[in-house]
Structures are given as C-alpha cells and as structure tokens.
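Heads up, the thing below is written out as structure tokens.
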Amino acid sequence: MFSTLVTALALAGAASASCVHGTSLHRRQEGAVEVSNFGYSGENGPLNWAGLDPANVACRNSRVQSPIVLDDAVPRAASAPQITIAAVAEAEFENLGTTLETVVNGTTVFEGATFELRQFHLHTPSEHRINEEYFPLEMHMVHEGADGAIAVIAIPFQLTEDG
1 MFSTLVTALA LAGAASASCV HGTSLHRRQE GAVEVSNFGY SGENGPLNWA GLDPANVACR
61 NSRVQSPIVL DDAVPRAASA PQITIAAVAE AEFENLGTTL ETVVNGTTVF EGATFELRQF
121 HLHTPSEHRI NEEYFPLEMH MVHEGADGAI AVIAIPFQLT EDG
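Okay, structure coming up:
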C-alpha cells in the first residue's frame, strides 16, 4: 500500500481544484469561501468533473489529474518521501462545502525536491481508486515547492470493525 501512496505523490504534478486551495495557485481568501459545484457521485461526480467548469479541462485531458486510478500498470516511485510534521496542539478546520480543510506546517522531501506542506483536507468517499476500489475516506496532504510545483500525498483510509 505504501508504494501505491508514493506513486500517488509522484503522479501529482497537476492537482484537483481542491488541492490547490491555500497555495500560490489559489490563495486563501478572507470571509466567505466560494463553494465548488463538484461532488463524488451522480451528475457532479468524478466522471463528469471536466464538464462542470471550463477550468476543469485537465480532468479530461491529463494523465496525472484527479481522479487517478492506481493499478499494477502504474509505475512505482523508486523511493519513499521523507515527511516531517510538527506536533500541533490545536487546529482550525474550514468547511469548503465539498471537504474539510486545515492549515498545517511541515515539509516533504521527495526525489531530491523539498515541498512545504500547505494544508490537508479530507474526501469521503475517496477521490482516487486503487485497483478500481474506492475507500470510505481519503486525506490529501497538499504541498508546494519553491518553484510553485504542487505535490499531493493521498492517503486512503479503510474502516475496520476493531478500529
């Protein structure tokens, strides 16, 4: 599973609209937050994202754009990222209408490049699939490089009866 997550990071050269929030590509705003019209099922679901807004064209044309289906045909990254996140006493979550987001500090070094952690947010169900399987929850850790490059680590969560 970890190599799959590393692959998700390696593939994250382009990120979905919610993943660029709070970065240089989509600065945080004061006051009211514009709520997106995409969703995770039905007419607003991932298969229709490209048609919901002209800004979503990458959802149709890009090979590394959300939603991503990871399977055995996707090459694995050669190394694991080194993630550093400071302990946080408390955090404020922001409801964006389609996800909950919080700002946190940290860094990730991956294949020689350093990325600053800008925010993380949650999706339910998961945005991406592994071998065609959706997961009940997925966390995206959104990072930005000094050159403005975006890197996203996607972590799927599986629910179990024993917690």
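Per full-length UniProt numbering, the sequence shown starts with residue 1, numbered consecutively.
A virtual CB, placed ideally from N, CA and C, is assigned to each residue, including glycine.
**Prompt:** Can you give the Cα-Cα distance for P125 and L96, rounded to whole angstroms?
**Reply:** Going from the Cα of P125 to the Cα of L96 covers about 16 Å.
Please classify E43: does DSSP put it in a helix, a strand, or coil?
Helix, per DSSP.
message = Just to confirm my understanding: we take E132, look at its own chain, exclude 5 residues before and 5 after, and list those with CB closer than 8 Å. What are they?
response = Taken in chain order, the residues that qualify are V69 and D71.
- What separation, rounded to the nearest whole angstrom, lies between the Cα atoms of I153 and P46? I153 and P46: Cα-Cα distance of roughly 19 Å.
>> Checking the sheet assignment: what are the DSSP bridge partners for E133?
In response: In the DSSP secondary-structure assignment, E133 is bridged to I130.
Reference T84; option with closest CA among A73, H123, A91 and R118: Of A73, H123, A91 and R118, the residue nearest in Cα terms is R118.
Open item on the list: Residues in the same chain with beta-carbon distance under 6 Å from L159, minus the five sequence neighbours each way, listed in chain order, please.
Closed with: Residues P136 of the same chain have their beta carbon placed closer than 6 Å to that of L159, with the five preceding and five following residues left out of the count.
- Query: Would a C-beta distance cut-off of 9 Å place F120 and P81 closer than the cut-off?
  - Reply: Against a cut-off of 9 Å, the Cβ pair of P81 and F120 comes out as no contact.
Length of the line joining the Cα atoms of A58 and A50 | So the alpha carbons of these two residues sit roughly 7 Å apart.
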